[in-house]
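Everything on this sheet refers to the single structure shown next.
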Amino acid sequence: MNAIDIDVERETPAGLETEEMTLNMGPQHPSTHGVLRFVVKADGEVMRRAIPDIGYLHRSIEKIAEKVGYHGFMPYTDRVDYVSAMQCNQGWAMACEALAGIQVPRRGEYCRVIAAELGRIASHLLSVGATGMDIGAMTPFTHALRERERINDLLEELCGARLTFNYMRIGGCAWDLPPGFARRVLTFLDRFEPLIDEYNELISFNKIYVERLANVAVIPPEMAIAYNLVGPNLRGSGIKYDVRKDDPYSVYPEFEFDVPVGTGERGTLGDSYDRYMVRIREMKESCRIVRQAIEGIPEGPVIAKVPRTFKPPPGEAYVRVEGSRGDMGWFVVSDGTAFPYRVHIRTGSFAAMAIIEELSKGLMIADLVAVIASLDIVAPEVDR
Amino acid sequence: MSRSTMDAADIHRRLRERLGNLVSAELKVASWSLCDVKPQSVAEVCRFLRDEPELAFDCLSNLSAVDRKGEDTIEVYYHLFSYKHRHRIALRAATPRPDPVLPTVSHIWPIANWLEREAFDLLGVRFAGHPDLRRLLMPEDWVGHPLRKDFVEPEEYHGISTRRESLLKL
Chain G
63 MNAIDIDVER ETPAGLETEE MTLNMGPQHP STHGVLRFVV KADGEVMRRA IPDIGYLHRS
123 IEKIAEKVGY HGFMPYTDRV DYVSAMQCNQ GWAMACEALA GIQVPRRGEY CRVIAAELGR
183 IASHLLSVGA TGMDIGAMTP FTHALRERER INDLLEELCG ARLTFNYMRI GGCAWDLPPG
243 FARRVLTFLD RFEPLIDEYN ELISFNKIYV ERLANVAVIP PEMAIAYNLV GPNLRGSGIK
303 YDVRKDDPYS VYPEFEFDVP VGTGERGTLG DSYDRYMVRI REMKESCRIV RQAIEGIPEG
363 PVIAKVPRTF KPPPGEAYVR VEGSRGDMGW FVVSDGTAFP YRVHIRTGSF AAMAIIEELS
423 KGLMIADLVA VIASLDIVAP EVDR
Chain Z
622 MSRSTMDAAD IHRRLRERLG NLVSAELKVA SWSLCDVKPQ SVAEVCRFLR DEPELAFDCL
682 SNLSAVDRKG EDTIEVYYHL FSYKHRHRIA LRAATPRPDP VLPTVSHIWP IANWLEREAF
742 DLLGVRFAGH PDLRRLLMPE DWVGHPLRKD FVEPEEYHGI STRRESLLKL
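Going down the list, the protein sequences come from chains G and Z.
Using the numbering used here, you'd call the opening residue of the first sequence number 63 and step up by one each time.
Using the numbering used here, you'd call the opening residue of the second sequence number 622 and step up by one each time.
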């Protein structure tokens, strides 16, 4: 029998089932980058909406801060965004320094910038590789991870850890650069920078890859701002805003670098491809910053004198750093004791997660993983 | 995007001119200068800050709640930012601790939906008019609000003990 001859009414007496279908995705799912869950309301293959359900990785880090004191909280900040822990260290240190009015020595700031920018490259490499893997291209992940391991080696030399660094301290950094470190970083950069073009040849300009990302999950600029999207997600929508440039901290004003933004080069402004390409281009900018920092690093101490019992005066501070997932806000309230009265961490992934319910309307189910990847969501950062 | 010539003092002055004593006369000058707002007027003040073209606070950068047990209040901080003019200000509203209620701002900035759910979940602040005020991070059947200063950790959760011998004593 020919397909056209099927009498639908006869085959399914009550007509076709067309009601909304509810699907569960997660909390354990290979493409969710951590433990998170979506309740997908679907009409066939098209999502009416995907409702995020978070909290599976809530470890009450903010409550722990109230118990362990200012210095003791530093290793916990590594666990907020474990893919890019350097900027978390820096955010916490800066919040404490703002409370107590501590000036970090210049060499300490340079060490922080070198560490943070290497961390950003490592984080973007994971994001870029995982985006490929999530939509079915397995090889780029191994290429990206190979270089990421080299950065991990460098950071291990710097602070003894490959992931949860605990490198920074209130007032500066725990250790100075080890002997020969600057040379090895430059060797790495010489090797890595041309590889970015290779990644582009390998995946970024691949037709299948482009079609999976271009025009998918478009976030117009107004929507990005209203949902407080930050970092590469915000810049993907064409808004040129980078905390390092526009609300400068540390020694970033001393470096020359550009802020790449999405332009809708392969589709629509603010689509998944724009967000992806912003990360690729930011890696180059981070390389530029690291080179300048290595070249210009001054002599001197890396940490200011900070009392062992750190008691900042009562008050509150809200500081922002440009993490790998964008503007990360650290709100600290002090009551004058050695323990913070309240800590609140506002992260980039939190906003990226909150936008998904609105963003998923009308997308194909298969595109949900591409959306999660393009927003570069790290689940522990959402839940804290 | 234009860079504003307004600093926090100008923004505060504008608020006082237009909204009178809904906003405190003092402005605590800091990197995010802070002024107090009458709790029942939070939504009104926020709407004005977003809609006035010269202020244009299009982004709620952060919303944090703090349990001030000593003063018997819960304070909610709103850190506002304008991408249009690149200026910023922080607001603070204090609500009574036994029955903390503030008007929602989730219709003004959609990100407030989740930030308010977080504050409700962890500190028990209710946001009047919020479309979906459920717990966000803690399990739905959790009792109490863990970031309240008088929160007592339950002995067990669904038969799982929350107590553990110190490893040093074993």
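Ideal placement from N, C-alpha and C gives every residue a C-beta, glycine not left out.
Of all C-beta pairs linking the segment 231-239 of chain G to the segment 359-366 of chain G, three or more are shorter than 8 angstroms, placing the two stretches in contact. The Cβ atoms of residue 202 (chain G) and residue 219 (chain G) do not sit closer than 8 angstroms to each other. Against chain G, a Cβ distance below 8 angstroms from residue 707 (chain Z) picks out 308. Within 9 angstroms of the CB of residue 732 (chain Z), the CB atoms of chain G belong to 288, 289, 290, 291, 412, 413, 416, 417, in sequence order along the chain. Setting aside the 5 residues that flank it on each side, residue 411 (chain G) is surrounded in the same chain by 387, 439, 440, 443, 444, each with a C-beta closer than 6 angstroms to its C-beta; the list follows chain order. Against chain Z, the CB of residue 401 (chain G) has no partner CB under 8 angstroms away; the residue lies outside that interface.
Around the C-beta of residue 267 (chain G), fewer than 16 other C-beta atoms lie within 10 Å, and the residue is accordingly described as exposed. Relative to residue 751 (chain Z), the option among Z:762, Z:758, Z:739, Z:759 whose CA is nearest is Z:739. Listed along chain Z, no residue sits closer than 8 angstroms to residue 159 (chain G) by beta-carbon distance, the nearest being about 12 angstroms off.
With the rule of 3 Cβ pairs closer than 8 angstroms, the segment 391-402 of chain G does not count as touching the segment 710-718 of chain Z. Spanning the alpha carbons of residue 197 (chain G) and residue 269 (chain G) requires a straight line of approximately 13 angstroms. A Cβ-Cβ separation of about 4 angstroms places residue 294 (chain G) in contact with residue 340 (chain G) under the 8 angstroms criterion. A residue is called buried once 16 or more other Cβ atoms fall within 10 Å of its Cβ, and residue 422 (chain G) is buried on that count. Here DSSP, grouped into helix, strand and coil, assigns residue 380 (chain G) to strand. Residue nearest to residue 378 (chain G) within the set Z:720, Z:756, Z:699 is Z:699 (criterion: CA-CA distance). Taking all protein chains in view, the Cβ of residue 327 (chain G) is surrounded by fewer than 16 other Cβ atoms within 10 Å, so the residue is classified as exposed. Collapsing the DSSP output to three states places residue 698 (chain Z) in a strand. Taking 8 angstroms as the Cβ-Cβ cut-off, the segment 94-114 of chain G has no residue approaching chain Z. In this structure, the alpha-carbon of residue 86 (chain G) lies about 44 angstroms from that of residue 232 (chain G). For residue 107 (chain G), the closest of G:428, G:437, G:434 by C-alpha to C-alpha distance is G:428. Among the residues facing chain G, residue 682 (chain Z) is included, as its CB has a counterpart in that chain under 8 angstroms away. Classified as exposed, residue 775 (chain Z) has fewer than 16 neighbouring CB atoms from the shown chains inside 10 Å of its CB. The Cβ of residue 724 (chain Z) sits no closer than 8 angstroms to any Cβ of chain G. Considering only G:330, G:119, G:425, G:209, the residue with the shortest C-alpha distance to residue 446 (chain G) is G:119. Excluding sequence positions up to five before and after residue 413 (chain G), its CB lies within less than 6 angstroms of the CB of 289, 290, 291, all in the same chain and listed in chain order. Setting aside the 5 residues that flank it on each side, residue 181 (chain G) is surrounded in the same chain by 146, 148, each with a C-beta closer than 6 angstroms to its C-beta; the list follows chain order.
The Cβ-Cβ distance between residue 214 (chain G) and residue 221 (chain G) does not fall below 8 angstroms.
Closest by C-alpha distance to residue 258 (chain G), out of G:347, G:167, G:80, G:435, is G:347. For residue 737 (chain Z), same chain residues with a beta-carbon under 8 angstroms away, outside a window of 5 residues either side, are 684, 725, 726, 727, 746, 748, 751, 754 in chain order. Under a criterion of Cβ atoms nearer than 7 angstroms, the residues of chain G adjacent to residue 767 (chain Z) are, in order, 122, 125. Residue 688 (chain Z) has Z:695 as its beta-bridge partners, per DSSP.
Relative to the Cα of residue 154 (chain G), the nearest Cα in the group G:283, G:223, G:385, G:185 belongs to G:385.
For a Cβ distance threshold of 8 angstroms, residue set 117, 120 of chain G lies close to residue 759 (chain Z), ordered along the chain. Chain Z has no Cβ within less than 8 angstroms of the Cβ of residue 321 (chain G). Using a 10 angstroms sphere on the CB of residue 788 (chain Z), the tally of other CB atoms stays under 16, which defines it as exposed. Counting only runs of at least 4 residues, the segment 179-236 of chain G fully encloses the following alpha helix (DSSP H) elements, listed from N- to C-terminal order: 201-221.
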